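In case it helps, the working numbering puts the sequence shown at residues 3 to 53. Cβ atoms here follow ideal geometry from the backbone N, Cα and C, with glycine treated the same way. Fair warning: this is a prediction, and the values are worked out from it, not measured in the lab. Written out below as structure tokens is the structure these notes cover.
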Amino acid sequence: MPNQPKTPLRAFRIPEEIYDVLKAKAADEGRTVTDVVREALRDYIQRHDLG
């Protein structure tokens, strides 16, 4: 995300086979893994009315 302030780095564990699929799909879409995870978390929060 150009011209965006840096966000804190977060770390979590994810199985390699899930990460590999995520990374490939993100690349196919011209996106980063970070962008896909960020969107997934936003969707989760909205679906569960957490924010």
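Relative to the alpha-carbon of residue i, which residue among the options has its alpha-carbon at the smallest distance?
i, options, result
"residue 8", "23, 27, 14 and 36", "36"
Do the CB positions of residue i and residue j come within less than 8 Å of each other?
i, j, result
"residue 52", "residue 38", "no"
"residue 28", "residue 34", "yes"
Entirely enclosed alpha helix (DSSP H) segments - the stretch 8-46, minimum 4 residues = Taken in chain order, the complete alpha helix (DSSP H) segments of 4 or more residues contained in the stretch 8-46 are 18-30.
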